[in-house]
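Residue numbers (my numbering): 20 to 871.
See the structure below:
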């Protein structure tokens, strides 16, 4: 039979209008999603039948449509399932069918595959596999479809699927800066959006835990309290997305400013004296997103434990109140914080002090969430709590992770009530894309990154400056308070100084420390205004600014805070031009101040360079011996190498800086316990894999490595090696390593695969679960690969060869072995890293290959 396409198109529009009218009448989101699926099902079946396809093929709904959730403007994803490649006549009919989809006004995404093609594609692409898991037969050959489902689920590895979806979620979070608080969030993709709910159900479906909230509750992966919250979170997001589609009249999942006021009115919000309707709506959304992220964390943790119970380890006592389960911090008693609220900050301190801890157990997160209500005036006034809070800011590591965790659990806002007032508060301007609280945490994060050598390549001047700055934690306090008074009316800079001074006084800061923090809060906007709006070539402009800052310490502090502040407003606001203007103002003012002051120390880098020069003089080398090499070295190099190493490199290379032949130097390390090897050669393909393969085959394990690429394209790498067999022949190996490795590098021989060694008893009996994370830097050109795994022979070769297979270039590496545990950080670029799916595949392969 044939169908009237025009009539069918009219029917599609009429059904959509009827759905909208029914929804606006009864406000039933679930009914709309269900009825839209039913309407589309019927239309597609009729269209399919009109083509008289062979009875051997099938039409199935996949993705959200297969799940039964079809929003007003969502894509309609279809799978046309074939028993074998189609005949010419069937292929021609399929082409006409696809054209008809669009003719009747349905936005169809389709694929035409056989069962083997489906399985192969699912094995290669986790996104395809996820969509196929939700396949639902619409019409056609039931036996073919049943066979497809059985084979799909038969090939499915629930634990592998769980790990892949977890990595995919991590990548999605990173794309959205790990925050749900964008001023124009994506209802579907942003952290705390619908994807966080869908991930739960995708994993549950793959593992057989259930398909509904109630089934998850009965299956034990969620508490009844969690089920109730899940339904509540889902309900808000469903209504928002349905209304957004109707308002935009197209598929639009971003809560753009254009729609927020109209959407708020449709949702029933009204302007009040203090807040616009749109601000009320968005605060409701942010609270919902924060709760959903916490729920997602807890449920995925429970599912992971259910899927891999063999990975669960017995709790190891940490102290009288806390224990460690695997790599998670756990409370010994769920009521701990109710009895002793003063231990709340202890939980975050322990996280900072123990790098092996990757998070908190579900009971601990729940206990902390409930404990926020115990933070009252008495808690805030307790000297011990004040000292502990200050210690959290002064910690060597984990500041950002734990302050974000405190904010997510509402503990930060409970301890600093004025901070609590700006949580979820929007900023209606042309610059900020985050709520006030998230902007503040972004600024804090930017400052912390300046202190980390693995990020020194991003903004070297800032990294150099903060390493010269004493007490950088004072900058963190200024960051917390610089915008804390927004939304109160008047000058937020002036009002913020009151809060900042009160905090400093209450927490025992000295007069000079307090003065600097308060001064920074008051003047945090000045430097950007002068840099962008005034003539920096005018000596009077520089003179006035120099008079304001007064000394180098205030100048450094303001430069760092300003740089971090501008970058924390929006990725689109920051650019190289603004960075140059700030740097120019900083350098000009530094020079101005130096005219009237005794020259000040230039910090750790200058100290290392001076000490290296002193060491070089013992070898009767000229004062200019360093110039050719050091000209090719950047801030990252000098931050990562000691003065003695710098002197050794300079002495070995000063006359061979532009020699094309590789240079390898080896020396005894730590009284002959190990070797230190330096390699200098023109960067070449698979270089890192070649080096680690050579050392492994020579019988050495790498316990520390510093990988560096010079400005003129040479690798300058340093390794600390230990003899695996402890053969006490290190001195005899010096010449062998220098000669053999130079020869292999000169001839550019392929990497040598190291022989498999024996695992230590500790690793065999107490396995360390590998952790892999790849995150892009702010310039989008480089990526940070962080991994944790059990140390073993050939570990670095496994990493190096995997990176090489995916075309990744290695720029720097920080390799640390702590007992049986390897914690490595690599700066990489290129290859598969630029594509999200291929990057996730790289993470997955590394995870699999790092298992023991």
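For every residue, glycine included, the Cβ atom is placed at its ideal position computed from N, Cα and C.
Express the C-alpha separation of residue 855 and residue 249 in angstroms, rounding to a whole number. 28 Å
I believe residue 601 touches residue 573 by the beta-carbon criterion, under 8 Å. Please report the beta-carbon distance rounded to the nearest angstrom. That belief does not hold up - the Cβ atoms of residue 601 and residue 573 are roughly 15 Å apart, past 8 Å.
Report, in whole angstroms, the separation of the C-beta atoms of residue 500 and residue 518, which I expect to be a contact under 8 Å. Confirmed, Cβ separation roughly 6 Å.
Identity of the residues DSSP links to residue 158 by a beta bridge: In DSSP, residue 158 forms a bridge with 78.
What whole-angstrom Cβ distance do residue 381 and residue 320 have, given they're in contact under 8 Å? 5 Å
Between which residues of its own chain and residue 388 is the CB-CB distance below 8 Å, once the five residues before and five after are set aside? Excluding residues within five positions, the ones whose Cβ falls inside 8 Å are 313, 428, 429.
Residue range of the beta strand (DSSP E) that includes residue 350: It spans 347-350 - the beta strand (DSSP E) in which residue 350 sits, taken as one unbroken run.
Would you mind listing the alpha helix (DSSP H) stretches within the stretch 303-336 that are 4+ residues and don't spill past its ends, in chain order? none
Who are the Cβ neighbours of residue 456 in its own chain at under 6 Å, not counting the five residues just before and after it? 441, 442
In whole angstroms, what separates the C-alpha of residue 847 from that of residue 493? The C-alpha of residue 493 is placed about 32 Å away from the C-alpha of residue 847.
Per DSSP, what kind of secondary structure is residue 642 in: helix, strand or coil? coil
In whole angstroms, what separates the C-alpha of residue 554 from that of residue 565? 14 Å
Do residue 78 and residue 151 have their beta-carbon atoms positioned less than 8 Å apart in this structure? no
Relative to the alpha-carbon of residue 495, which residue among 302, 461, 509 has its alpha-carbon at the smallest distance? 461
Should residue 160 be labelled buried (16 or more other beta-carbon atoms within 10 Å of its own) or exposed? buried
Could you please give the first and the last residue of the uninterrupted alpha helix (DSSP H) stretch that includes residue 697? From DSSP, residue 697 is part of no alpha helix (DSSP H) but of the beta strand (DSSP E) over 693-701.
Any contact between the stretch 697-712 and the stretch 727-736? By contact I mean 3 or more CB pairs, one from each, below 8 Å. yes
If we count the other Cβ atoms within 10 Å of its Cβ and call it buried at 16 or more, is residue 121 buried or exposed? exposed
Whole angstroms is fine: what's the gap from residue 365's alpha carbon to residue 650's? Roughly 47 Å between the two C-alpha positions.
Identify whether residue 378 lies in helix, strand or coil by the three-state DSSP scheme. strand
Does the stretch 250-268 come close enough to the stretch 409-424 to have 3 or more Cβ pairs within less than 8 Å? no
Between which residues of its own chain and residue 830 is the CB-CB distance below 6 Å, once the five residues before and five after are set aside? 728, 846
Collapsed DSSP secondary structure at residue 842 in the structure displayed: strand
Unbroken beta strand (DSSP E) run spanning residue 684, endpoints: 682-688
Identify, in the order they occur along the chain, each residue of the same chain with its Cβ nearer than 6 Å to the Cβ of residue 863, setting aside the five sequence neighbours on each side. 183
Using a Cβ-Cβ cut-off of 8 Å (strictly less than) and excluding sequence neighbours within five positions of residue 467, which residues of its own chain qualify? 418, 419, 495
I need the DSSP call for residue 867, collapsed to helix, strand or coil. helix
Best match in 286, 189, 163, 378 for proximity to residue 46 [C-alpha to C-alpha]: 286
Report the residue from 212, 142, 185, 758 whose alpha carbon sits nearest the alpha carbon of residue 198. 212
Identify the continuous alpha helix (DSSP H) that holds residue 180 and give its terminal residues. 177-194
Considering only C-alpha positions, which residue in the set 599, 609, 610, 667 is nearest to residue 628? 667
Tell me whether the beta-carbon of residue 687 lies closer than 8 Å to the beta-carbon of residue 766. no
Alpha carbon of residue 901 to alpha carbon of residue 432, nearest angstrom: Nothing can be reported for residue 901, as the shown portion of the chain is limited to 20 through 871.
So within the stretch 458-498, which uninterrupted alpha helix (DSSP H) runs reach at least 4 residues, ignoring any that extend past its ends? 479-487
Apply the 10 Å Cβ neighbour rule to residue 328 and answer buried if 16 or more other Cβ atoms are within range, or exposed otherwise. exposed
Below 6 Å CB to CB, which residues in the same chain sit around residue 773 once its five sequence neighbours on both sides are set aside? Around residue 773: 712, 715, 716, 813, 816.
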